[in-house]
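J.:
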Amino acid sequence: MRHVGRAFDELRRGMEVVSTRGPRLLRLHCAPSFAAQWLTPRLADFMKHHPGVELRLAAGTDYTRFTSDEFDADIVYGPPRVEGLVVVPLGEEVIAPMCAPELAEMITTPADLFNHVLIQTDSKQIQWSDWFTADSLIAPPPNGSRFDRSFLAIAVATQGLGVALESTRLAERELASGRLVMPLERTSIPVRYVGHNLVFPRHVRQRQPLRTFAEWLLAELGVVAQVPLDRAVTDASRTADG
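Following this line, the structure appears as structure tokens:
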């Protein structure tokens, strides 16, 4: 699939922005779909405006424990699982059905989805059953392909193989280009949630590369930090509604 290939190419290029030494080094771990769909397409802009920061990026599904000092920060999907970290919520995301334009012509109400293949993403916090419940409908039995990552479901949806329920943030390029559309944008109840958080140990919060990246990240997302980063110490156990 060309779309998936492009995502991995962008992820690889992001990982190639690497240095192993120096006080300007930022070692960042990131959830795979956020890395492939949102972060790596913007890395050129970050490096252009902050050429002094040396970035090492890795993507994976395991949450960083920080005990081995491998990474300075992690962009995690869902609530962090380690207590005593600085937790910076990355703003609300909108979850919506999206599909190729040729399918959208046949979908004008939420009930129309019963007649279409619904692509499943196993790792998502918001599932089809949650979305149908928000519209006072009972979800149909699963009838589509299953994937473990959002970027895979988005890629399949662009090929017209079903309707995906995904974050408009993660699918922003596909939506902007018209490869995906949201047929029920005006006729269904939007589902919003905080899907991603930037987390890091308290002792690294004063490091300039991390502060530079965090401020750029929040600005790109249009998110205003709830408190200054140097005071944003929150136990991860208090963010269970992410």
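According to our numbering, the sequence shown is numbered sequentially starting from 1. Even for Gly, the Cβ is constructed at its ideal location relative to N, Cα and C.
1. How many Å lie between R21 and E70 at the Cα?
2. Measuring only the C-alpha atoms, how far is T168 from Y63?
3. If I measure Cβ to Cβ from L58 and keep anything under 6 Å in the same chain, skipping five residues before and after, which residues do I get?
4. Given a cut-off of 9 Å, decide if M98 and V163 are closer than it, judged by their beta-carbon atoms.
5. Okay, do the segment 199-212 and the segment 104-119 touch, 3+ Cβ pairs below 8 Å being the bar?
6. Per DSSP, V86 is paired with what?
7. Taking C-alpha atoms, which residue in L26, V76, Q125 lies nearest to V88?
8. Measuring alpha carbon to alpha carbon, tell me which residue in I126, G60, A176, A96 is nearest A36.
9. Does DSSP put E92 in a helix, a strand or coil?
10. Mind reading off the beta-carbon distance from S177 to D135? Whole number of angstroms is fine, and I expect it under 8 Å.
11. Please report the straight-line C-alpha distance between P80 and N197, rounded to a whole angstrom.
12. By DSSP's criteria, V223 is part of a beta bridge. Which residues make up the other side?
13. Start and end of the alpha helix (DSSP H) containing V163?
14. Please work out which residues of its chain come closer than 6 Å, Cβ to Cβ, to G270, disregarding the five sequence neighbours upstream and downstream, and give them in chain order.
15. The beta strand (DSSP E) spanning T244 covers which residue range?
16. Ends of the beta strand (DSSP E) at V53?
T.: On the basis of the supplied data:
1. Summary for R21: the model assigns pLDDT 43, below 50, so the residue's position carries little reliability, and this model does not support an answer.
2. So the two alpha carbons sit approximately 23 Å from each other.
3. Note on identity: in this sequence residue 58 is Ala, with Leu being the wrong assignment. Result list for A58: H29, in chain order.
4. Yes, Cβ-Cβ distance for V163 and M98 is below 9 Å.
5. Contact check between the segment 199-212 and the segment 104-119: fewer than three CB pairs, one atom from each, fall below 8 Å, which does not count as touching.
6. Residue pairing for V86: DSSP places it in a beta bridge opposite F200.
7. Checking every option, the nearest Cα to that of V88 belongs to V76.
8. It is G60 whose Cα lies nearest to the Cα of A36.
9. In the structure shown, E92 sits in a strand (DSSP, three-state: E or B).
10. The pair is not a contact, with the Cβ atoms about 27 Å apart (cut-off 8 Å).
11. Whole-angstrom Cα-Cα distance: 8 Å.
12. According to DSSP, V223 bridges with nothing at all.
13. The continuous stretches of alpha helix (DSSP H) do not include V163, which lies in the beta strand (DSSP E) extending over residues 163-167.
14. It is not possible to answer for residue 270, since the shown part of the chain is limited to 1 through 242.
15. In the structure displayed, the chain extends from 1 to 242; residue 244 sits before or after that span and is not available.
16. Segment: none, V53 is in no beta strand (DSSP E) and carries neither H nor E.
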